[in-house]
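Visitor: Provided herewith is a single structure, encoded as C-alpha coordinates, for subsequent inquiry.
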Amino acid sequence: MKELLDKYAKDRFGNLETPETAEEKQQLAREVFGKNLVDVLDGWLEVAFDLVDNPEPEEPFPRENESFRGDKAFRETFRKLDSQTKEKIKELITDTATGILFSTLVSFDQFDYGQLKLSLSPKTIDNLDEEWIITDEKLDLHDELNEWVENYSKKVKNNAT
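Numbered according to the numbering used here, the sequence shown spans residues 35 to 195.
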(Lines of atoms letter the chains of each structure in order from A; the text may use other names.)
(Lines give C-alpha, C1' and ligand atoms only; values in the text may rest on other atoms or scores of the structure.)
Protein backbone atom coordinates (compact mmCIF):
# COMPACT_ATOMS: atom_id res chain seq x y z
CA MET A 35 0.00 0.00 0.00
CA LYS A 36 2.58 2.49 -1.16
CA GLU A 37 -0.17 5.06 -1.59
CA LEU A 38 -0.79 5.04 2.19
CA LEU A 39 2.84 5.84 2.85
CA ASP A 40 2.75 8.56 0.20
CA LYS A 41 -0.41 9.97 1.80
CA TYR A 42 0.70 9.92 5.46
CA ALA A 43 4.48 10.47 5.36
CA LYS A 44 4.85 14.16 6.03
CA ASP A 45 8.58 14.59 5.59
CA ARG A 46 11.78 12.64 4.95
CA PHE A 47 12.51 12.34 8.68
CA GLY A 48 9.97 9.60 9.42
CA ASN A 49 7.18 11.77 10.76
CA LEU A 50 3.77 10.33 10.00
CA GLU A 51 0.31 11.81 10.01
CA THR A 52 -2.12 9.59 11.91
CA PRO A 53 -4.70 7.76 9.78
CA GLU A 54 -8.28 7.89 10.99
CA THR A 55 -9.04 4.17 11.13
CA ALA A 56 -7.33 1.30 12.96
CA GLU A 57 -7.18 -0.64 9.69
CA GLU A 58 -5.29 2.17 7.93
CA LYS A 59 -2.96 2.53 10.93
CA GLN A 60 -2.08 -1.16 10.69
CA GLN A 61 -1.65 -1.02 6.91
CA LEU A 62 0.59 2.05 7.24
CA ALA A 63 2.64 0.42 10.03
CA ARG A 64 3.14 -2.68 7.88
CA GLU A 65 4.14 -0.54 4.90
CA VAL A 66 6.68 1.42 6.96
CA PHE A 67 8.05 -1.87 8.30
CA GLY A 68 8.30 -3.35 4.80
CA LYS A 69 9.91 -0.26 3.31
CA ASN A 70 12.51 -0.29 6.06
CA LEU A 71 13.29 -3.98 5.43
CA VAL A 72 13.75 -3.32 1.71
CA ASP A 73 15.94 -0.27 2.38
CA VAL A 74 18.21 -2.45 4.55
CA LEU A 75 18.23 -5.17 1.87
CA ASP A 76 19.19 -2.62 -0.78
CA GLY A 77 21.96 -1.24 1.41
CA TRP A 78 23.60 -4.64 1.78
CA LEU A 79 23.11 -5.47 -1.90
CA GLU A 80 24.82 -2.20 -2.78
CA VAL A 81 27.83 -3.20 -0.66
CA ALA A 82 28.00 -6.64 -2.31
CA PHE A 83 27.52 -5.29 -5.83
CA ASP A 84 30.28 -2.75 -5.29
CA LEU A 85 32.67 -5.56 -4.37
CA VAL A 86 31.69 -7.53 -7.48
CA ASP A 87 31.73 -4.61 -9.95
CA ASN A 88 34.55 -2.34 -8.84
CA PRO A 89 38.22 -3.33 -8.70
CA GLU A 90 38.93 -0.60 -6.14
CA PRO A 91 36.85 0.81 -3.26
CA GLU A 92 35.37 4.26 -3.81
CA GLU A 93 37.41 5.55 -0.87
CA PRO A 94 40.68 3.99 0.25
CA PHE A 95 40.83 2.30 3.64
CA PRO A 96 42.59 4.41 6.28
CA ARG A 97 44.60 1.40 7.48
CA GLU A 98 45.30 -2.18 6.46
CA ASN A 99 43.05 -3.98 8.93
CA GLU A 100 40.86 -7.09 8.58
CA SER A 101 38.18 -5.15 6.68
CA PHE A 102 40.79 -3.91 4.22
CA ARG A 103 42.14 -7.43 3.66
CA GLY A 104 38.66 -8.91 3.13
CA ASP A 105 37.67 -6.13 0.74
CA LYS A 106 40.90 -6.54 -1.22
CA ALA A 107 40.49 -10.33 -1.49
CA PHE A 108 36.95 -10.02 -2.85
CA ARG A 109 37.85 -7.32 -5.35
CA GLU A 110 40.94 -9.16 -6.60
CA THR A 111 38.93 -12.35 -7.11
CA PHE A 112 35.97 -10.70 -8.82
CA ARG A 113 38.22 -8.55 -11.04
CA LYS A 114 39.20 -11.72 -12.95
CA LEU A 115 35.62 -12.61 -13.89
CA ASP A 116 33.75 -11.73 -17.08
CA SER A 117 30.65 -9.54 -16.92
CA GLN A 118 28.23 -12.45 -17.44
CA THR A 119 29.69 -14.29 -14.45
CA LYS A 120 29.54 -11.12 -12.35
CA GLU A 121 25.85 -10.69 -13.21
CA LYS A 122 25.11 -14.27 -12.16
CA ILE A 123 26.96 -13.71 -8.87
CA LYS A 124 24.89 -10.59 -8.25
CA GLU A 125 21.71 -12.53 -9.07
CA LEU A 126 22.73 -15.24 -6.59
CA ILE A 127 23.47 -12.66 -3.90
CA THR A 128 20.11 -10.98 -4.52
CA ASP A 129 18.16 -14.25 -4.49
CA THR A 130 19.93 -15.41 -1.33
CA ALA A 131 19.49 -12.14 0.57
CA THR A 132 15.84 -11.84 -0.46
CA GLY A 133 15.28 -15.50 0.44
CA ILE A 134 16.76 -14.97 3.89
CA LEU A 135 14.47 -12.00 4.42
CA PHE A 136 11.45 -13.98 3.16
CA SER A 137 12.28 -16.92 5.44
CA THR A 138 12.73 -14.62 8.41
CA LEU A 139 9.29 -13.14 7.81
CA VAL A 140 7.83 -16.66 7.52
CA SER A 141 9.40 -17.49 10.89
CA PHE A 142 7.78 -14.37 12.37
CA ASP A 143 4.41 -15.39 10.90
CA GLN A 144 4.70 -19.02 12.03
CA PHE A 145 6.67 -18.61 15.24
CA ASP A 146 6.96 -21.95 17.07
CA TYR A 147 6.84 -20.45 20.55
CA GLY A 148 3.70 -18.37 20.28
CA GLN A 149 2.35 -15.29 18.58
CA LEU A 150 4.93 -12.59 17.88
CA LYS A 151 3.57 -9.10 18.21
CA LEU A 152 5.31 -6.32 16.37
CA SER A 153 4.06 -2.77 16.66
CA LEU A 154 5.12 0.72 15.67
CA SER A 155 5.11 3.67 18.03
CA PRO A 156 5.21 6.25 15.25
CA LYS A 157 6.94 9.57 15.15
CA THR A 158 3.89 11.64 14.36
CA ILE A 159 3.41 15.26 13.55
CA ASP A 160 0.85 15.53 16.34
CA ASN A 161 3.04 13.48 18.77
CA LEU A 162 0.33 11.02 19.74
CA ASP A 163 1.61 8.33 22.08
CA GLU A 164 0.13 5.17 20.60
CA GLU A 165 1.09 1.86 19.03
CA TRP A 166 0.08 0.65 15.60
CA ILE A 167 0.01 -3.13 15.30
CA ILE A 168 2.17 -4.60 12.51
CA THR A 169 1.60 -8.33 13.00
CA ASP A 170 -1.78 -9.95 12.65
CA GLU A 171 -2.89 -13.58 12.96
CA LYS A 172 -4.78 -13.28 9.65
CA LEU A 173 -2.21 -11.28 7.65
CA ASP A 174 1.18 -12.86 7.00
CA LEU A 175 4.14 -10.52 6.63
CA HIS A 176 5.93 -12.77 4.14
CA ASP A 177 2.99 -12.46 1.73
CA GLU A 178 3.75 -8.76 1.36
CA LEU A 179 7.49 -8.98 0.71
CA ASN A 180 7.17 -9.12 -3.10
CA GLU A 181 5.05 -5.97 -3.14
CA TRP A 182 7.45 -4.17 -0.80
CA VAL A 183 10.39 -5.14 -3.00
CA GLU A 184 8.55 -4.05 -6.16
CA ASN A 185 7.56 -0.72 -4.60
CA TYR A 186 10.79 0.24 -2.85
CA SER A 187 13.83 -1.68 -4.06
CA LYS A 188 16.36 0.04 -6.25
CA LYS A 189 18.56 -3.07 -6.44
CA VAL A 190 16.30 -6.13 -6.85
CA LYS A 191 15.35 -6.69 -10.48
CA ASN A 192 13.56 -10.04 -10.18
CA ASN A 193 11.78 -11.27 -7.09
CA ALA A 194 13.06 -14.60 -5.85
CA THR A 195 10.16 -15.24 -3.47
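Where a beta carbon is used, it is the ideal one built from N, C-alpha and C, also for glycine.
Let me know the secondary structure DSSP gives I123 once reduced to three states.
Guide: In the structure shown, I123 sits in a helix (DSSP, three-state: H, G or I).
Visitor: With a threshold of 16 other CB atoms inside 10 Å of the CB of I134, please say whether the residue is buried or exposed.
Guide: Under this definition I134 is an exposed residue.
Visitor: Measuring straight from C-alpha to C-alpha, what distance separates S187 and D73?
Guide: Rounded to whole angstroms, S187 to D73 spans 7 Å at the Cα level.
Visitor: Of the residues E171, T132, E164 and W78, which one's Cα is nearest the Cα of G148?
Guide: The candidate whose alpha carbon is nearest that of G148 is E171.
Visitor: Short check: CB of L139 to CB of L179, under 7 Å?
Guide: Cβ distance < 7 Å, so L139 and L179 count as in contact.
Visitor: Between which two residues does the alpha helix (DSSP H) containing R113 stretch?
Guide: Its alpha helix (DSSP H) spans residues E100 to R113.
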